[in-house]
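Q: Mapping of the sequence shown onto our numbering: residues 244 to 564, in sequence order. Backbone N, C-alpha and C define an ideal beta-carbon position, used for all residues, glycine too.
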Amino acid sequence: MDIQKIGPIEVIKGQRNSKVPFSTSILVKGNEADGLIDCGTGEEGFSYLNDYYDIQHLLLTHYHIDHVWGSMYYPNAKVFVNRIDAPKLNNPEWLAKAMGIRALMGESELDKWLNASNQGHSYQDVLAREKEIYPYDETFTLAGRKIQMLHAPGHCEGFCCPYFPEEGVLVVGDYDLTSFGPWYNNADSDIDQLITSGEMTLNIDADYYVTSHHKGIFSRKEYEIALDNYLAIVEKRERKIIQLFKEGTAIGDLIHREVFYLNRNIAADPNFLRFEIMGIAKHLKRLAKQNPYYEDHYQSFISYHMADPKYSEFFIEATTI
Numbered sequence: 244m245d246i247q248k249i250g251p252i253e254v255i256k257g258q259r260n261s262k263v264p265f266s267t268s269i270l271v272k273g274n275e276a277d278g279l280i281d282c283g284t285g286e287e288g289f290s291y292l293n294d295y296y297d298i299q300h301l302l303l304t305h306y307h308i309d310h311v312w313g314s315m316y317y318p319n320a321k322v323f324v325n326r327i328d329a330p331k332l333n334n335p336e337w338l339a340k341a342m343g344i345r346a347l348m349g350e351s352e353l354d355k356w357l358n359a360s361n362q363g364h365s366y367q368d369v370l371a372r373e374k375e376i377y378p379y380d381e382t383f384t385l386a387g388r389k390i391q392m393l394h395a396p397g398h399c400e401g402f403c404c405p406y407f408p409e410e411g412v413l414v415v416g417d418y419d420l421t422s423f424g425p426w427y428n429n430a431d432s433d434i435d436q437l438i439t440s441g442e443m444t445l446n447i448d449a450d451y452y453v454t455s456h457h458k459g460i461f462s463r464k465e466y467e468i469a470l471d472n473y474l475a476i477v478e479k480r481e482r483k484i485i486q487l488f489k490e491g492t493a494i495g496d497l498i499h500r501e502v503f504y505l506n507r508n509i510a511a512d513p514n515f516l517r518f519e520i521m522g523i524a525k526h527l528k529r530l531a532k533q534n535p536y537y538e539d540h541y542q543s544f545i546s547y548h549m550a551d552p553k554y555s556e557f558f559i560e561a562t563t564i
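1. On the DSSP letters alone, give me the boundaries of the alpha helix (DSSP H) that F544 sits inside.
2. Rounded to whole angstroms, how far is the Cβ of T384 from the Cβ of I390, which I believe are closer than 8 Å?
3. Near L357, which residues of its chain fall below 8 Å by C-beta distance, leaving aside the five closest residues on each side in sequence?
4. From R388 to Y547, what does the alpha carbon distance come to, in whole angstroms?
5. In chain order, what residues of the same chain lie with their CB nearer than 8 Å to the CB of Y554, ignoring the 5 residues before and after it?
6. Go ahead and pull the three-state DSSP assignment for V254.
7. Helix, strand or coil for D277, going by three-state DSSP, please let me know.
8. Within its chain, find whatever has a CB closer than 7 Å to the CB of R259; leave out the 5 residues flanking it on each side and keep chain order.
9. In the DSSP assignment, find the beta strand (DSSP E) that holds I308 and state where it starts and stops.
10. In chain order, what residues of the same chain have a beta carbon less than 7 Å from the beta carbon of I476, not counting five sequence neighbours either side?
11. Looking at D433 and G397, is the spacing between their C-beta atoms short of 8 Å?
12. Within 10 angstroms of the Cβ of L505, are there 16 or more other Cβ atoms? Answer buried if so, exposed if not.
13. Can you give me the start and stop residues for the beta strand (DSSP E) that Y554 sits inside?
14. Alpha carbon to alpha carbon, how far is F488 from I509? Give it in angstroms, no decimals.
15. Would DSSP call I564 helix, strand or coil?
16. Might you give, ordered along the chain, the residues of its own chain that have their beta carbon closer than 6 Å to the beta carbon of Y296, omitting 5 neighbours on each side?
17. Tell me the rounded alpha-carbon separation between S360 and Y366.
18. According to DSSP, simplified to helix, strand and coil, what is Y316?
19. Just the Cα atoms here: how many angstroms apart are G349 and P251?
20. Return the CA-CA distance between A386 and E373, expressed in angstroms with no decimal places.
21. Looking at the structure shown, is P405 part of a helix, part of a strand, or coil, going by DSSP?
22. Can you tell me which of the three DSSP states E501 falls into?
Okay, structure coming up:
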């Protein structure tokens, strides 16, 4: 098991180098009790944390399954979420809307999705748990250490980056700096917000940047270079979509042109097709904001590929709960 330490903070890699559906957890060691950020390491990490630490507080950076599915392994911990994710992690219908399931499958298929989602890595425990709210952008303590949960929307609406000012550690989470590029493939994702939030991370006084997947810890200089290359993939994808339209690609065929996922990977896991559709829709929405020419393309795309296109975007902040 891969564990790296920065003062009282342990960066605990998940299985398969924290590749989805696993993720890295951040342990904060306290004098009397310990805190944990995210819980998707897998069995070895769960055993290690339970054998050697007393996890009393579990903070979830956002609602994605690879960060929350292990909550059942910490039954005595108080679970904390942000105010934007709270409705999603208390109500599976809100969760399905935020993920884009309602848009893609329609209301009639929600029960089928809910039943399927209870298999394997599941939301069942975290949905059932009592949860408290941590504040955005305010200093509080976790296991006796100062922490701020910096709101960084884009990857999803409620996403945040835990920051430990005394240790100079910023957990950038799903800004994972991989060759795949940024992920913004839910109904509550926003490309421009993701870019702005990424740029925000560079304004934080941090010496260490920690990702939730793959490499883990970056120095500031390493992070600055890697983030620039990572965010550039957004424009690369957008240029590809523009070129596909110039070549006369039909709306129905766009999802088979590997803007995000290779076709062989989509064939192996149909969930990737759902993400491909949502990701392309996000780009077309962005293009339509920049140039009205693309509005018809956007409307045609979501009408063709979605069962309930009015849920192609779903943001708690714009919704009356």
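A: Answer, in terms of the structure:
1. In the sequence shown, residue 544 corresponds to position 301, counting from 1. Taken as a continuous stretch (DSSP letters only), the alpha helix (DSSP H) holding F544 covers E538 to H548.
2. Along the sequence shown, one-based indexing puts residue 384 at 141. Along the sequence shown, one-based indexing puts residue 390 at 147. About 7 Å separates the two Cβ atoms, so the contact holds.
3. Looking up residue 357 in the sequence shown gives position 114. P335 and A339, listed in sequence order.
4. Locating residue 388 in the sequence shown gives position 145, counting from the first residue. Locating residue 547 in the sequence shown gives position 304, counting from the first residue. If I take the Cα positions, the gap works out to 50 Å.
5. As a first step, residue 554 is located in the sequence shown; it is residue number 311 there, counting from the start. Excluding residues within five positions, the ones whose Cβ falls inside 8 Å are K340, G343, R345, A346 and A430.
6. As a first step, residue 254 is located in the sequence shown; it is residue number 11 there, counting from the start. In the structure shown, V254 sits in a strand (DSSP, three-state: E or B).
7. Working through the sequence shown from its first residue, we reach residue 277 at position 34. Note: D277 maps to strand in three-state DSSP.
8. Taking the sequence shown and counting its residues from 1, one reaches residue 259 at position 16. The residues are F265.
9. By one-based count along the sequence shown, residue 308 stands at place 65. From DSSP, I308 is part of no beta strand (DSSP E) but of the alpha helix (DSSP H) over I308 to V311.
10. On the sequence shown, residue 476 is found 233 positions in, with the first residue counted as 1. Once the five neighbours on either side are set aside, the close Cβ partners of I476 are G424 and P425.
11. Within the sequence shown, numbered from 1, the residue matching residue 397 stands at position 154. Within the sequence shown, numbered from 1, the residue matching residue 433 stands at position 190. Yes, Cβ-Cβ distance for G397 and D433 is below 8 Å.
12. Here residue 505 refers to the residue found at position 262 of the sequence shown. Looking at its Cβ environment, which holds fewer than 16 other Cβ atoms inside 10 Å, L505 is exposed.
13. Working through the sequence shown from its first residue, we reach residue 554 at position 311. Element bounds for Y554: n/a, residue is neither H nor E.
14. As a working mapping, residue 509 is identified with position 266 in the sequence shown. As a working mapping, residue 488 is identified with position 245 in the sequence shown. Looking at the two C-alpha atoms, the distance is approximately 22 Å.
15. Along the sequence shown, read from residue 1 onward, the residue named residue 564 stands at position 321. With a pLDDT of only 45 at I564, under the threshold of 50, the placement of this residue in the model should not be trusted; the figure read from the coordinates follows. Coil.
16. For the purposes of this step, residue 296 is taken as residue 53 along the sequence shown, with counting starting at 1. So the list reads D277, once near-sequence residues are dropped.
17. If you number the sequence shown from 1, residue 360 lands on position 117. If you number the sequence shown from 1, residue 366 lands on position 123. For S360 and Y366, the distance between alpha carbons rounds to 7 Å.
18. For the purposes of this step, residue 316 is identified with residue 73 of the sequence shown, where counting begins at 1. Helix, per DSSP.
19. On the sequence shown, residue 349 is found 106 positions in, with the first residue counted as 1. On the sequence shown, residue 251 is found 8 positions in, with the first residue counted as 1. Cα-Cα distance, rounded: 47 Å.
20. For this step, residue 386 is matched to residue 143 along the sequence shown. For this step, residue 373 is matched to residue 130 along the sequence shown. Cα to Cα, A386 sits roughly 20 Å from E373.
21. Here residue 405 refers to the residue found at position 162 when the sequence shown is read from its first residue. It is a strand residue.
22. Taking the sequence shown and counting its residues from 1, one reaches residue 501 at position 258. Correct three-state label for E501: coil.
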